[in-house]
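Here is the structure we will look at, set down as structure tokens.
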Amino acid sequence: MIAFGMDLFDFFMVWVIVPALSITVVFCFIRLVRGPSLPDRIVAVDKLSGVAVGMMAAYAVATDNSVFLDVALVVALITFLGTIGFAYYIDRRS
Amino acid sequence: MNRSLILMTATRYLVPIILMLSVFILLRGHNEPGGGFVGGLLAASAFALYVFAFGIKEAQRLLGVHPLALIGSGLFISLGSALIAPIFFGEPLMTGKWIDTFELPGIGKLGTPLFFDIGVMLVVVGVTLLIVFALAGEDEQLGGGS
């Protein structure tokens, strides 16, 4: 993957940022599948949305496309509503 | 339903931010991704957050009007903007007519597509809030509020 002509920015993007986000997705899915209780799974889903925001930001930086930053802003503002809904559901069920 | 102090405090400043963001998404919809539908969904989600935090009564008081009124006025605005071209210019229905002489700062050129988008936004807000209020109201009726 690393080749001549790859500057520090591309190196950082390919070998640090994207792998970190991807590994986080894997761990979130492990917690989502194995999570012993419902709150564990909800936190995993919330973390996945955060990783999605990070991926959009990384993509926007990598492609010099500022449109994805607005998408990341909207997703970051909205996804916690789902978490609140799940929390309300747990609160009501118990 | 026991109210969370953290959620109530966060909601008080998140609702204006989300509403401003929805207007921003609405106004940039002509040239970039966005538009009436997404803006309407964002505004409705702001009110849904208010329902979660303060309950359905407070959210209806914040909205001020019944969601059905929003749907009706939105359809009326959209239909009016679609009818401008055939009535005044003799062109096909829903032809986009723009005012080319001046631009408003922050909004850009005025034209019938802008008003069509505003109508779409009002319809989306009304429909989504009808659903949210119905679901939340049913929830509270079921004795969910412990």
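If you read the protein sequences in the order shown, they are chains A and B. The first sequence lines up with residues 1 to 94 when you count with the numbering used here. The second sequence lines up with residues 1001 to 1146 when you count with the numbering used here. Where a beta carbon is used, it is the ideal one built from N, C-alpha and C, also for glycine.
* To do: Would you mind working out which of GLY1137(B), VAL1124(B), ALA1053(B) sits nearest GLY1036(B), comparing C-alpha positions?
  => VAL1124(B)
* Contact set for ALA1046(B): own chain, Cβ-Cβ below 6 Å, skip 5 residues either direction -> VAL1015, ILE1018, LEU1019
* Asked: How would you write the range of the alpha helix (DSSP H) that ALA1081(B) sits in, first residue to last?
  -> Before going further, note that residue 1081(B) is Ser rather than Ala in the sequence given. Its alpha helix (DSSP H) spans residues 1067-1084.
* For LEU969(B), three-class secondary structure by DSSP -> Outside the modelled stretch of chain B, which goes from 1001 to 1146, sits residue 969(B), for which no answer is possible.
* When DSSP labels each residue in this structure, what does GLY1145(B) get in the three-state scheme? -> Confidence at GLY1145(B) is low in this model, with a pLDDT of 47, below 50, so its placement is unreliable and the value that follows should be read with caution. GLY1145(B): coil per DSSP, three-state reduction.
* Asked: Which whole-angstrom value is the C-beta distance of GLY1111(B) and LYS1097(B), which I expect to be below 8 Å?
  -> 6 Å
* To do: Tell me whether the beta-carbon of LEU69(A) lies closer than 9 Å to the beta-carbon of MET56(A).
  => yes
* Grab the span of the alpha helix (DSSP H) containing LEU1014(B) for me, first residue to last. => 1005-1027
* Going straight from the alpha carbon of LEU1041(B) to that of VAL14(A), what length do you get? -> 35 Å
* To do: Determine the DSSP secondary structure at GLY1111(B), reduced to helix, strand or coil.
  => strand
* **Length of the line joining the Cα atoms of ILE1087(B) and LEU1130(B)** => 33 Å
* **Extent of the continuous alpha helix (DSSP H) run through ARG47(A)** => Checking the displayed sequence, the identity of residue 47(A) turns out to be Lys instead of Arg. Start and end: 38-63.
* Asked: Nearest chain B C-beta to LEU69(A) closer than 9 Å, yes or no?
  -> no
* **Per DSSP, cross-strand counterpart(s) of TRP1098(B)** => GLY1111(B)
* Asked: Just the Cα atoms here: how many angstroms apart are THR1011(B) and TYR1050(B)?
  -> 7 Å
* Helix or strand or just coil, what does DSSP make of LEU1093(B)? -> coil
* **Given TYR89(A) as reference, the closest of ALA44(A), THR63(A), LEU38(A) once Cα atoms are compared** => LEU38(A)
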